[in-house]
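*Asks:* Numbering (our numbering), first residue to last: 23 to 405.
Got a structure for you, questions after.
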Ligand SMILES: Cc1cc2nc3c(=O)[nH]c(=O)nc-3n(C[C@H](O)[C@H](O)[C@H](O)COP(=O)(O)OP(=O)(O)OC[C@H]3O[C@@H](n4cnc5c(N)ncnc54)[C@H](O)[C@@H]3O)c2cc1C
């Protein structure tokens, strides 16, 4: 059994981020969300707190913590707002982590200090308009021409890719095709502003409205050969590893959103009266709250388990998929129930639960859909 007691350090981190989320994020994020605007000042303050450097070593500007610490911070942010939580999640686990894990010493020293400080954001471009689940079907190509890669293709739905402070996007591309037609996929670092690399305007989304999501186009985009991330042909294996880890972070985000639904609903059920008593005194509402709390607790245990295994160097693929699957479905259910408890006000955008309802659905889709998680779990079971 894993030991789930949080260390003093992690408990302190949780308290600090919780206070920041409630005192700084909560009062203003609704406005950014309504205007579909990226909250630069909040992100700057998250950078000053060291959140973007949490799981990275101090010699590249990190805080010397681990992935568990990152997940705790993401959960606390998401209990108040998912846009800022996904901005942190994507910047760290998709933007900076591939460079940390697979980059050369030179690439790590070039990119990580600014990514760790939050002064710059990184992104990871895997999904394409033609498909995300079947990642091996990548169509973007990178052709070697002398000492450069020439990239052509399109990436869809890329988080953090077009903010004013985005400095780098790592993309997967086909670098060779075998005689049997098997694609060799590699990951390549593309600095923002490279000629031939165009960032589209933001998508109009159902949720995560204060987070940045764009389509990226590459037309004869040239980067130096040394921008290859790790070994040529290892891109597929690299992003599978990154996505395994990322699932724990998304599970933490989903747990936070689920907890936020509990917090808002509990408060409302004590204030709102119907038939002469607080609605929470009606057993049907109390039972909803009990079920929401129960699911959230189990979701948290699931991601703590996966994160604890990862920290201990044990296999965690199945546990990460279980945590992601269960917590994202919990988030959707809790958001629906929270809206129900709020009645008509739950359908009004000024109430945080309306934002949580809109933000919940993507959790069953991003970084591997629920169907993909079930495929992974069944495969790990030897089905
Ligand atoms: C807001 C947002 C942010 C995102 N950020 C990023 C990012 O930063 N970087 C990035 O690379 N991507 C990002 N994505 C993309 C996301 O990871 C993909 O949308 C997701 O992986 C699903 O891919 P798809 O949309 O192409 O759906 P598809 O792969 O087309 O799937 C469509 C449906 O078919 C189902 N399906 C597919 N294959 C199977 C199968 N074998 N068995 C059963 N069912 C199957 C899926 O589960 C899904 O229900 C983001 C997406 C959104 C919406």
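Here a beta-carbon is modelled for each residue, glycine too, at the ideal position from N, C-alpha and C.
These numbers come from a predicted model, not from an experiment.
(1) Just how far apart, CA to CA, sit residue 68 and residue 74?
(2) Using a C-beta cutoff of 8 angstroms, does residue 108 count as contacting chain C?
(3) Which full runs of the alpha helix (DSSP H) of 4+ residues lie inside the region 78-148, going along the chain?
(4) Would DSSP call residue 348 helix, strand or coil?
(5) Given this structure, state the Cα-to-Cα distance separating residue 323 from residue 271, to the nearest angstrom.
(6) What separation, rounded to the nearest whole angstrom, lies between the Cα atoms of residue 54 and residue 255?
(7) Taking the alpha carbon of residue 208 as the point to measure from, which residue in 170, 259, 189 and 135 has its own alpha carbon closest?
(8) With a cut-off of 8 angstroms on the beta carbons, I'd call residue 236 and residue 218 a contact; round off their distance for me.
(9) Heavy atom of ligand 1 less than 7 angstroms from the Cβ of residue 188, yes or no?
(10) With a threshold of 7 angstroms on Cβ separation, who are the neighbours of residue 23 within its own chain once the five nearest residues in sequence on each side are excluded?
(11) From what residue to what residue does the beta strand (DSSP E) around residue 213 run?
(12) Applying the 10 Å Cβ sphere with the 16-neighbour rule, what's the burial state of residue 41?
(13) Please report the straight-line C-alpha distance between residue 90 and residue 304, rounded to a whole angstrom.
(14) Short of 8 angstroms in beta carbon distance, which residues of its chain neighbour residue 267, apart from the five on each side in sequence? Order them along the chain.
(15) Quick check for students: name the residue ranges of the beta strand (DSSP E) that lie wholly in the region 227-299, counting only runs of 3 or more.
(16) Rounding to the nearest angstrom, what Cα-Cα distance links residue 340 and residue 394 in this structure?
(17) Between residue 30 and the rest of its own chain, which residues show a CB-CB distance below 7 angstroms, the 5 nearest in sequence each way excluded?
(18) Using a 10 Å radius around the Cβ and a threshold of 16 neighbouring Cβ atoms, would you call residue 242 buried or exposed?
(19) Could you round the C-beta distance between residue 187 and residue 141 to whole angstroms and report it? I think they count as a contact, below 8 angstroms.
(20) Among 315, 381 and 248, whose alpha-carbon lies nearest the alpha-carbon of residue 167?
(21) For the beta strand (DSSP E) containing residue 224, list its first residue and its last residue.
(22) May I have the straight-line CA-CA distance separating residue 145 from residue 403, to the nearest angstrom?
(23) Nearer than 7 angstroms: is that true of the beta carbon of residue 275 relative to any heavy atom of ligand 1?
(24) Residue 381 to residue 201, Cα distance in whole Å?
(25) Pull up the distance between the alpha-carbon of residue 34 and that of residue 94, whole angstroms please.
(26) Could you spell out where the alpha helix (DSSP H) holding residue 45 opens and where it closes?
(27) What three-state label does DSSP hand residue 190 in the structure shown?
(28) Inspect the beta-carbon positions of residue 106 and residue 61 and report whether they are closer than 8 angstroms.
(29) CB of residue 227 to nearest heavy atom of ligand 1: below 7 angstroms?
(30) Here's a check: name, in chain order, each residue in its chain whose Cβ is nearer than 6 angstroms to the Cβ of residue 326, leaving out the five neighbours to either side.
(31) From the DSSP secondary-structure annotation, give me the bridge partner or partners of residue 51.
(32) Once you ignore the five residues that flank residue 386 on each side, which residues in its own chain have a CB closer than 7 angstroms to its CB?
(33) With DSSP run on the structure shown, which of helix, strand or coil describes residue 165?
(34) Using DSSP with H/G/I as helix, E/B as strand and the rest coil, what is residue 23?
(35) By Cβ distance below 8 angstroms, which residues in the same chain neighbour residue 286 in space, the five residues on each side in sequence not counted?
(36) Just to confirm, are residue 269 and residue 205 a CB contact at a threshold of 8 angstroms?
*Replies:* Straight from the coordinates:
(1) 7 angstroms
(2) Among the protein chains of the structure shown there is no chain C, as only one such chain exists.
(3) 89-100, 104-111, 119-124 and 127-139
(4) helix
(5) 13 angstroms
(6) 41 angstroms
(7) Of the listed residues, the one whose Cα sits closest to residue 208 is 259.
(8) Contact doesn't hold; Cβ gap of about 16 angstroms is too wide.
(9) no
(10) Model confidence at residue 23 stands at a pLDDT of 43, short of 50, so the residue's coordinates are unreliable; what they give is reported in the following sentence. Nothing meets the Cβ criterion.
(11) 205-213
(12) exposed
(13) 38 angstroms
(14) 89, 115, 119, 332 and 342
(15) Listed in chain order, the complete beta strand (DSSP E) runs (minimum 3 residues) inside the region 227-299 are 235-246.
(16) 12 angstroms
(17) none
(18) exposed
(19) About 7 angstroms; that satisfies the 8 angstroms criterion.
(20) Considering only 315, 381 and 248, the residue with the shortest C-alpha distance to residue 167 is 248.
(21) Per DSSP, residue 224 belongs to no beta strand (DSSP E) and is neither H nor E.
(22) 32 angstroms
(23) no
(24) The alpha-carbon atoms of residue 381 and residue 201 are separated by roughly 45 angstroms.
(25) Approximately 10 angstroms between the Cα atoms of the pair.
(26) No alpha helix (DSSP H) holds residue 45; DSSP gives it neither H nor E.
(27) strand
(28) A contact, by the Cβ cut-off of 8 angstroms.
(29) Yes, the Cβ of residue 227 comes within 7 angstroms of a heavy atom of ligand 1.
(30) 26
(31) In the DSSP output, where bridge partners are listed per residue, residue 51 has none listed.
(32) 350, 351, 354 and 392
(33) strand
(34) Interpretation of residue 23 is limited by its pLDDT of 43, a score under 50 that renders its predicted location unreliable; no figure is taken from the coordinates.
(35) 360, 364, 373, 374, 375 and 378
(36) no
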